[in-house]
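Residue numbers (my numbering): 94 to 352.
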């Protein structure tokens, strides 16, 4: 009997790996274990050093520069994907950034520049990635796009500030793009993990308290792991998830349902 999550013969792009503890690392590991041929991106030469252990452990051959604040790097990355594979079966977007003051401060105090930067890196980068991926996904006969969101999109989370607005817009973009691309066999979904300590999360004041609350209040009294997120994402990009699109899928031990 074939495994339900089977990515043999599929080519997938994984963005947002910062180190071995990143959410995207768990995603890459799950997809590699399911048989996918992976392409990994890095933001700059300094950050590449931190992901080398992941590259070597998973045997990834294609590692491309991709800095979403520099459009030419996205153009170059997708040109290389097309030249090497001629198609793309799935892409995972896991990138977000906001200035510290805009995270910790009041939304009403957010500067226009700070708001635009956060929205560009955290939200519109997924839209741009989808546009670049669309023709390659079509050549594969359809495929999947997945992004990472958070409960702060719909609930007010202390010290999450402008990022809550970005994640709300990201989820809306997921729904709209799912509607637009569905006729081409392209699925678009968002995964919403519970709190876990990553390099990005370390910039959020009081995050340890959020994790403690997640354990205490979630029905299953557990913290999510990168492996949990990877398993869900691998399912969504596999053929087993072929009719799942436009959704926000929680993996948080049920924390999101609690009042």
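Each residue gets a CB set at the ideal place from its N, CA and C atoms; glycine is no exception.
Computed from a predicted model, the values in this text were never measured in an experiment.
Non-local beta-carbon contacts of residue 122 in its own chain, meaning distances under 6 Å to residues more than five positions away in sequence, involve 323 in chain order.
Distance between residue 192 and residue 260, taken at the CA atoms: about 15 Å. The beta carbon of residue 339 is closer than 6 Å to those of 268, 271 in its chain, skipping five residues each way along the sequence.
Looking at the DSSP output, residue 285 shares a beta bridge with 343. In this structure, DSSP gives residue 100 a state outside helix and strand, which the three-state scheme calls coil. Taking C-alpha positions only, residue 251 is separated from residue 346 by approximately 20 Å.
Its chain contains 287, 345, 346, 347, 348, 351 as the residues whose beta carbon lies nearer than 8 Å to that of residue 311, once the 5 sequence neighbours on both sides are disregarded; these appear in chain order.
In this structure, the alpha-carbon of residue 336 lies about 8 Å from that of residue 280. Proximity of the segment 138 to 152 to the segment 163 to 172 falls short of the contact definition, fewer than three beta-carbon pairs being nearer than 8 Å. Within its own chain, the residues whose Cβ lies closer than 6 Å to the Cβ of residue 334, once the five positions on either side in sequence are excluded, are 328, listed in chain order. Below 8 Å, too few C-beta pairs join the segment 200 to 212 and the segment 228 to 242 to call them touching: fewer than three.
Here residue 230 carries a helix assignment [DSSP, helix/strand/coil]. DSSP, reduced to helix, strand and coil, places residue 167 within a helical segment of the structure shown. For residue 241, the enclosing beta strand (DSSP E) starts and ends at 236 to 241. The three-state reading of DSSP puts residue 186 in strand, counting E and B together. In the three-state reduction of the DSSP assignment, residue 161 falls in the coil class, being assigned neither a helical nor a strand state.
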